[in-house]
Amino acid sequence: MMSDKYNLVKGYIRPAFKDQSKIEDTVAKILDKIKVHGDKAVQAISQKIDQQDAQYIELLPFEDYQIESGLKDAIQSAHRRIKKFCQFQIKDLNNDQFSDEMGDFGFTYQPIERIGAYIPGGQFPLISTALMTLIPAKVAGCPVRVACSPSDHPALLAAASLAGATQFLHIGGAQAIGALSYGFDQTEPVNLIVGPGNAYVNQAKAQVQHRTQIDTLAGPSELLIYANQIKQPEWLMFDAL
Numbered sequence: 001m002m003s004d005k006y007n008l009v010k011g012y013i014r015p016a017f018k019d020q021s022k023i024e025d026t027v028a029k030i031l032d033k034i035k036v037h038g039d040k041a042v043q044a045i046s047q048k049i050d051q052q053d054a055q056y057i058e059l060l061p062f063e064d065y066q067i068e069s070g071l072k073d074a075i076q077s078a079h080r081r082i083k084k085f086c087q088f089q090i091k092d093l094n095n096d097q098f099s100d101e102m103g104d105f106g107f108t109y110q111p112i113e114r115i116g117a118y119i120p121g122g123q124f125p126l127i128s129t130a131l132m133t134l135i136p137a138k139v140a141g142c143p144v145r146v147a148c149s150p151s152d153h154p155a156l157l158a159a160a161s162l163a164g165a166t167q168f169l170h171i172g173g174a175q176a177i178g179a180l181s182y183g184f185d186q187t188e189p190v191n192l193i194v195g196p197g198n199a200y201v202n203q204a205k206a207q208v209q210h211r212t213q214i215d216t217l218a219g220p221s222e223l224l225i226y227a228n229q230i231k232q233p234e235w236l237m238f239d240a241l
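Position one of the sequence shown corresponds to residue 1 (full-length UniProt numbering), numbered consecutively onward.
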């Protein structure tokens, strides 16, 4: 007979991952449709899967968004700190060269022309992702910074605006990665796609990386946090968030 403690723990076990081969096949079909049919495919897939139109959202100045003052302050504070760190990182990236009897040699740092930042928002809008993907691109001098998310939450739009998005595409899932890689409407194909996502987004990034650079294939994190007689329970909350 199983103990009550076992049943309690069992209730918190992470659900098993879906069949990866099915995800690969589904994503491949989505990307093939986008490759062949372009915008029409992105629109049809978005309507079928997310029940929403794939569209641009015009970003307002950060100050114009009506969000709770505490959240607004937190976004601004995070923006300042991330920007400061990015500026610290970039200050030593200087172009350099030398010459000898064999010729001239050197290296040059150049910003990527177009980046696409995928910002998850299926259950909760990940405001931090908007900040951590778009701010480095702006500090680096990338001229085109496309934010892409299934969420149109005002706080997320505000964060994307403050972080420097030049466009915001209201598209999610594998179709969003396809739109960034193959282009969508007024948006040319990007050179680099960054940002985490679910299994379908991850698989889409894996399948387009032969034509579009990606940052990484992110895996699940924070599977379990174990604490024993902790005197500061809020620390657990900070770790989880």
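Glycine is no exception: its CB is placed at the ideal position from the N, C-alpha and C atoms.
Note that the coordinates shown come from a computational prediction; the quantities given were computed from them, not determined experimentally.
Cβ atoms of residue 116 and residue 146 come within 8 Å of each other, at about 5 Å.
Put simply, the backbone Cα of residue 190 is about 7 Å away from that of residue 212.
When secondary structure is reduced to three states using DSSP, residue 149 falls in the coil class, being assigned neither helix nor strand. Residue range 167 to 170 is occupied by the beta strand (DSSP E) that includes residue 169.
A straight line joining the alpha-carbon of residue 236 with that of residue 227 spans about 8 Å. According to DSSP, residue pairing for residue 216 in a beta bridge does not occur. Sequence-distant partners of residue 164 (beyond 5 residues in either direction) whose C-beta falls short of 8 Å from its own C-beta, in its chain, are 134, 135, 137, 138 and 145. The closest CA to that of residue 167, considering only 155, 42, 175 and 185, is found on 185. CA-to-CA, the gap between residue 154 and residue 128 works out to about 14 Å. In this structure, residue 161 sits near residue 61, with a CB-CB distance shorter than 8 Å.
With contacts defined by Cβ atoms closer than 8 Å, residue 193 and residue 46 do not form a contacting pair. Residue 192 is bridged by DSSP to 115 and 213. Residue 157 is positioned such that its CB atom lies closer than 8 Å to that of residue 57. The straight-line gap separating the alpha-carbon atoms of residue 68 and residue 215 is approximately 32 Å.
At the C-beta level, residue 34 and residue 200 stay beyond 8 Å of one another. The C-beta distance from residue 174 to residue 204 rounds to 4 Å, short enough to meet the 8 Å contact threshold. With respect to residue 195, residue 82 sits apart: the two C-beta atoms are not nearer than 8 Å.
Using a 10 angstroms sphere on the CB of residue 79, the tally of other CB atoms reaches 16 or more, which defines it as buried.
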